[in-house]
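Written below as structure tokens is the structure these notes are about.
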Amino acid sequence: MTTEVLWWIFAVAIVAVSAGVVFARTVIHSAIFLILSLAGVGAMYLFLTIEFIALVQFLIYGGAVTVLILLALMLTRMGIAGRPEPTTGVQAPFGALVAAGLMATLIGVAVSTAWPGDLGQNAVAVSIENIGEQLFQNFGAPFMIMAALLLVAFIGAIVIARQEDED
Amino acid sequence: MVPMENYLVLSGIIFSLGVYGVLARRNAVLVLMSVELMLNAVSLNFVAFSAYLDPDKATGIIFAVFVIAVAAAEVGLALAIVIRLFRNRSTANVDEAATMRW
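Residue numbers (our numbering), protein chains in the order written: chain A, 85 to 251; chain B, 17 to 118.
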């Protein structure tokens, strides 16, 4: 019972701050809302009793990714602070239409589908040992490809963002 | 306990908000943050399915790990592109970056 009440509080808060990310007028406010939203989803993983993903979420998203985004916001400061500028383009109504349709579809499908093997409506704890065994035994090759992908992506990022001498 | 559909509905709402942000916002960094929202909704979905329907194999959890890794690579690369765009054009507005070459 307590878990359910807490879950609903977190769910409403996550939806609110996620809406804040896309509707906030200041980019810094959006970034702060994004941090809150990512932390909220991390709390959702705790509700699902998947501690490993929750920790990864807090570390990678809450730490590294938000720092990168804040850095990019600082480096791409536009115009005079506080100058009112439209934050959305002319395509905003169509975007809202598409997003509303998608939301209705997703919610409808999630509610109306009879999911197979839904055992007693309970999340089952998955041990970190199990995750590690799966990751390094059955998914060993994708794991190594992922490491190579990360390395290549960040070398590429350095090459793209590098200050060239003739500038 | 909380039924699985609640997680699916929550992640659907977050995903749709991200779609709106990607389609409507003009600042390139904001578009990226909306993409992060969408990726988060997807991995929440994967983990919820894994925890409720397939706890023995943990496949959805592994998939969420890969989604997070790809998201890290994507955000690093895309922010480098945004910084490059800002240096060349003095703007981070996606509507003004419409030409393929100049």
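Yeah, the Cβ is synthetic: ideal placement off N, Cα and C, and Gly gets one too. Since the model is a prediction, treat every value here as computed from it, not as a measurement.
1. I want to see whether chain A comes within less than 7 Å of B/Met54, judged by CB atoms only; does it?
2. Of all the CB atoms in chain B, is at least one closer than 7 Å to the CB of A/Ala183?
3. Under the three-state reduction of DSSP, which class applies to A/Thr189: helix, strand or coil?
4. What do you reckon, are the CB atoms on B/Val83 and B/Leu55 nearer than 7 Å?
5. Could you check which residue in A/Met228, A/Leu186, A/Ala232, A/Val210 has the C-alpha nearest to that of B/Thr75?
6. Going by the beta-carbon positions, is the gap between A/Ile137 and B/Ala80 smaller than 7 Å?
7. Would you kindly check if the distance between the Cβ of B/Ile30 and the Cβ of A/Ser102 is under 7 Å?
8. Could you compute how far the alpha carbon of A/Arg109 sits from the alpha carbon of A/Pro200?
9. Since I believe A/Ser121 is in contact with A/Val111 (beta carbons under 8 Å), could you give me their beta-carbon distance rounded to a whole number of angstroms?
10. Can you tell me whether A/Thr172 is buried or exposed? The criterion is at least 16 other CB atoms within 10 Å of its CB, across all chains shown.
11. Taking A/Tyr145 as the reference, give the member of A/Tyr129, A/Ile119, A/Ala237, A/Leu181 with the closest Cα.
12. For B/Arg105, does the count of other Cβ atoms within 10 angstroms reach 16, so buried, or fall short, so exposed?
13. Terminal residues of the continuous alpha helix (DSSP H) containing A/Leu122?
14. Helix, strand or coil, according to DSSP, for B/Thr107 in the structure here?
15. Specify whether the segment 34-44 of chain B and the segment 175-185 of chain A touch according to this definition: at least 3 beta carbon pairs, one from each stretch, less than 8 Å apart.
16. Between the C-alpha atoms of A/Val195 and A/Ala97, what's the straight-line distance to the nearest angstrom?
17. Taking the alpha helix (DSSP H) that A/Thr87 belongs to, which residues open and close that run?
18. Nearest chain A C-beta to B/Val83 closer than 7 Å, yes or no?
Here's the rundown:
1. no
2. yes
3. helix
4. yes
5. A/Val210
6. yes
7. yes
8. 43 Å
9. Approximately 15 Å separates the beta-carbon atoms of A/Val111 and A/Ser121; this is outside 8 Å, ruling out the contact.
10. buried
11. A/Ile119
12. exposed
13. 111-131
14. coil
15. yes
16. If you draw a straight line from the Cα of A/Val195 to the Cα of A/Ala97, it comes to about 21 Å.
17. 86-107
18. no
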